[in-house]
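There are 2 protein chains.
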Amino acid sequence: MDGGHRSGCPINLTLEVVGDKWSLLIIRDMIFGNRRHFREMLKSEEGISSNILADRLKTLVDEGIITKADDPSHKQKTVYSLTEKGIELLPILAQMAVWGRKYLPVTEELSIRAQLLEEGGPALWSEFMDELRETHLGAAPRNGARQGPSVAARLQAAYEAVVARRGV
Amino acid sequence: MDGGHRSGCPINLTLEVVGDKWSLLIIRDMIFGNRRHFREMLKSEEGISSNILADRLKTLVDEGIITKADDPSHKQKTVYSLTEKGIELLPILAQMAVWGRKYLPVTEELSIRAQLLEEGGPALWSEFMDELRETHLGAAPRNGARQGPSVAARLQAAYEAVVARRGV
DNA sequence: CAATACTAATTGCATTTTGCAACCGGTTGC
DNA sequence: GCAACCGGTTGCAAAATGCAATTAGTATTG
Chain A
1 MDGGHRSGCP INLTLEVVGD KWSLLIIRDM IFGNRRHFRE MLKSEEGISS
51 NILADRLKTL VDEGIITKAD DPSHKQKTVY SLTEKGIELL PILAQMAVWG
101 RKYLPVTEEL SIRAQLLEEG GPALWSEFMD ELRETHLGAA PRNGARQGPS
151 VAARLQAAYE AVVARRGV
Chain B
1 MDGGHRSGCP INLTLEVVGD KWSLLIIRDM IFGNRRHFRE MLKSEEGISS
51 NILADRLKTL VDEGIITKAD DPSHKQKTVY SLTEKGIELL PILAQMAVWG
101 RKYLPVTEEL SIRAQLLEEG GPALWSEFMD ELRETHLGAA PRNGARQGPS
151 VAARLQAAYE AVVARRGV
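Chains as they are written, first to last, in full-length UniProt numbering: chain A, 1 to 168; chain B, 1 to 168.
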């Protein structure tokens, strides 16, 4: 009747899908690190192991959060892309970043992106999500899209500036 | 050196603390259901078992997200309260509720609160968090506090109206 | 054209976490 | 005095996780 769900509460259902220690980190790497291939994701900051990564990618595909396709440039490569459902996880990640930055022992270089995202607020998240729709869904740039460097590029530049200032 | 953390990324650190299937449900019940005692929390919609509940409450206390105190009205009762750190998890829950309501098979009576929270936006979340500071931290009402029924009361009334309309 | 490195995973196995049900000593209200 | 309630604890089975080695096929390099 209910597909084996514990309850029909939206928070509970969300936790049933992404309430583990790895799924949202994979989404984070896809969104902020533009990682699209298995080997790239395997090099996550936190050291995910290959069996867990393979399992989570399968689950995320089944849940409609990402899609999987052959990479035309390399017969053995697989490209993973975010769906609209996956792109809209960004506000959850953003709020987690706000909370983590405020209350947990973050490192400066890994939280500079979170700081910019917090300062930019929902307007910046929205701009970023539009970029992700272009990158992952092949959507056309939205009307009135901002000129200049993309949100992804600005976040990356800020990260690299911190790394450069503080040394490798 | 780093207290055993996988990385200093704010999203990762947040997931290390609340990245499981139960912790945020306990917080949800404390925030939206005003559940403060062990036996109340045990009756969660999803059926948490007592050993898991005891374990998670201990962890949440250790992490500074909730506090534990004797209930003066009953020698054997323990009252759990949210800390400021715990209250500020509300935006994460709210975003999860938005996403879950949009993409997962929620039930109407369990998502009406999420709908009101989404419509009210960050301003309503902020008002709700101020109420929680009064209830859990003994804070004074903020200046210019809204008159009339509290956010908690409004959410509860909306829930009960749906239940009444649709039958038990 | 053979050696090497890279691709997305899979396998086996040990450890950890979860879930279930029964149980516990003490307290409270009737 | 007794049933219901209090916050847990215990024992045990099942599931999830973590690690290291391995796989079969593909691309690059000398």
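For each residue, glycine too, the CB sits at the ideal point set by N, CA and C.
If you're wondering where the values come from, they're calculated on a predicted model, not measured in any experiment.
For residue i, which of the options has the nearest alpha-carbon?
i	options	result
K21(A)	S126(A), G167(A), A97(A), I48(A)	I48(A)
T143(B)	R154(B), V151(B), E131(B)	Residue identity differs from the one stated: residue 143(B) is Asn in this sequence, not Thr. The residue with the shortest Cα to Cα distance from N143(B) is E131(B).
T135(B)	G86(B), P91(B), Q115(B)	G86(B)
K155(A)	G8(A), Q95(A), L110(A)	According to the sequence provided, residue 155(A) is Leu. The question's Lys does not apply to it. When each option's Cα is compared against that of L155(A), the closest is L110(A).
A62(B)	Y80(B), E46(B), L90(B), D71(B)	The question names Ala, but residue 62(B) in the sequence shown is Asp. The residue with the shortest Cα to Cα distance from D62(B) is Y80(B).
M129(A)	P91(A), Y159(A), Q115(A)	P91(A)
V98(B)	K58(B), R6(B), L116(B)	L116(B)
D55(B)	R165(B), A164(B), S23(B)	S23(B)
G120(A)	M96(A), E108(A), V151(A), L82(A)	V151(A)
Y159(A)	P141(A), A123(A), S126(A), T107(A)	T107(A)
R101(B)	L89(A), L60(A), E118(A), A123(A)	L89(A)
N34(B)	R133(B), R166(B), A145(B), Q147(B)	R133(B)
P72(A)	L53(A), L60(A), H37(A)	H37(A)
C9(A)	I65(B), G64(B), T14(B), R113(B)	R113(B)
G64(A)	A69(B), Y103(B), I52(B)	Y103(B)
T14(B)	D70(B), A157(B), L124(B), L60(B)	L60(B)
Thinking C-beta only, is residue j closer than 8 Å to residue i?
i	j	result
L93(A)	I11(A)	no
G3(B)	P105(A)	yes
E16(A)	R6(A)	yes
T67(A)	T83(A)	yes
L42(B)	S50(B)	yes
Q95(A)	Q76(B)	no
L25(B)	E40(B)	no
E127(B)	R146(B)	yes
G19(B)	G19(A)	yes
Curious, which full-length beta strand (DSSP E) runs of at least 3 residues does the UniProt domain "HTH hxlR-type" (9–108) of chain A contain?
66–70, 78–82
Runs of 3 residues minimum, wholly inside the region 99–158 of chain B: which ones carry the beta strand (DSSP E) assignment? none
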